[in-house]
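S.K.: First residue of the sequence shown? That's 1 in full-length UniProt numbering, and the numbers climb one at a time after it. My questions all concern the structure below.
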Amino acid sequence: MGKTYDLDAFDRGQIVGARRMGHSISEIVRELGSSRSTVSRVYRKYMDGGEKTRDRANCKGHLGLNERGVRWLIHIVRSQRNQTLAQITTQFNQSISRTTSKRTIYRSVHGIGFGSRRPTRVPLLNAHHWAARLDWAREHREWTVEDRERVAWGDESRFRLLHFKGRLRIWRQADEAMDSACQVGTVQGHGGSIMVWGVSF
């Protein structure tokens with residue numbers, strides 16, 4: 001997005017809706033790609049009553065769905081977090097009498113605070129692990145600072161020697177898949193790894 005006068009009603013509505021949902025200016029800048037001054041100016045004009053968003057999503061509030069539809073949309077999204085927008089739209093339309101466009105679902109999903117992001121990486125734990133951790137915490141909840149000072153606390157981490165963080169994306173045409181400029185080298189096992197272990201007393 002560019003300056004304020006380059007934004008259409010949909011873009012301004014996204015900014016206003018995000019601010020009304022409690023998102024910070026920094027979060028909106030990262031999500032929408034607008035400058036901080038643009039986000040501040042659009043929302044300030046909205047608060048001063050000098051600029052209204054007029055796209056269809058604002059005919060009944062800043063979302064294109066009624067309250068029941070919003071609740072059902074939240075249920076669909078949370079029931080399976082890795083669905084695509086098309087799958088969410090299809091499932092939503094199967095449960096209502098009228099057809100809702102994918103664009104409306106997109107606006108509504110973002111309007112209620114959801115965003116497409118990578119999942120947080122955490123240790124893979126099963127029910128036995130959770131129970132064991134809870135038992136340990138209960139057994140040691142009365143420990144004092146002196147008790148903890150008599151224990152050596154250790155941890156370990158593995159570092160891959162050749163590993164690309166996240167998913168690398170490039171711009172290319174359909175017939176450029178084998179062009180060397182459009183390739184990235186990989187090796188089996190990510191080139192090996194180093195295990196580092198540390199302890200503190």
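Idealized CB from N, CA, C, for every residue including glycine.
Given 8 Å as the limit, is there contact between the region 132–147 and the region 101–111, that is, 3 or more CB pairs closer than that?
M.R.: Verdict: no, contact absent.
S.K.: Drop a sphere of 10 angstroms on the beta-carbon of Ala86, count the other beta-carbons inside from all chains shown, and report buried for 16 or more, exposed for fewer.
M.R.: So Ala86 counts as exposed.
S.K.: Under the three-state reduction of DSSP, which class applies to Met195: helix, strand or coil?
M.R.: The answer is strand: DSSP assigns Met195 an E or B state.
S.K.: DSSP state of Trp154, grouped into three classes?
M.R.: It is Gly, not Trp, that sits at residue 154 in the sequence shown. If DSSP states are grouped into helix, strand and coil, Gly154 belongs with the strands.
S.K.: Would you list the residues sitting across from Ser200 in a DSSP beta bridge?
M.R.: DSSP lists Trp153 as partners of Ser200.
S.K.: Just grab the DSSP bridge partners of Arg160 for me.
M.R.: In DSSP, Arg160 forms a bridge with Ser193.
S.K.: Reducing DSSP to helix, strand and coil, say where Ser40 ends up.
M.R.: In this structure, Ser40 counts as helix in the three-state DSSP scheme.
S.K.: Taking contact to mean at least 3 C-beta pairs separated by less than 8 Å, is the region 5–22 in contact with the region 111–119?
M.R.: Output reads yes: the region 111–119 touches the region 5–22.
S.K.: Using 8 Å as the cut-off, can you tell me whether the region 137–149 makes contact with the region 173–185, which would need three or more C-beta pairs spanning the two stretches below that distance?
M.R.: Contact between the region 137–149 and the region 173–185 is absent, because fewer than three Cβ pairs lie under 8 Å.
S.K.: How long is the line joining the alpha carbons of Val70 and Glu31, rounded to whole angstroms?
M.R.: One C-alpha to the other measures close to 21 Å.
S.K.: Could you give the C-beta distance for Ala152 and Val196, rounded to a whole number, given that I count them as a contact under 8 Å?
M.R.: With a Cβ gap of about 16 Å, Ala152 and Val196 do not count as contacting.
S.K.: Given that a residue counts as buried once 16 or more other Cβ atoms are within 10 Å of its Cβ, and exposed if not, what is Ala18?
M.R.: Classification for Ala18: buried.
S.K.: Considering just the uninterrupted stretch of the alpha helix (DSSP H) at Gly17, what are its terminal residues?
M.R.: Per DSSP, Gly17 belongs to the alpha helix (DSSP H) from Ala9 to Arg20.
S.K.: Grouping DSSP H, G and I as helix and E and B as strand, with all else coil, what is Ala177?
M.R.: Reduced to three states, the DSSP call for Ala177 is coil.
S.K.: On the DSSP letters alone, give me the boundaries of the alpha helix (DSSP H) that Arg107 sits inside.
M.R.: Run containing Arg107: Lys102 to Gly111, per the alpha helix (DSSP H) assignment.
S.K.: Is it the case that the Cβ atoms of Val29 and Val39 are separated by a distance below 9 Å?
M.R.: The answer is yes: Cβ separation under 9 Å.
S.K.: Would you say Thr84 and Asn93 are within 9 Å of each other, going by their C-beta atoms?
M.R.: The answer is no: Cβ separation not under 9 Å.
S.K.: Determine the contact status of Gln91 and Ile74, defining contact as a CB-CB distance below 9 Å.
M.R.: Not in contact: Gln91 and Ile74 (Cβ atoms no closer than 9 Å).
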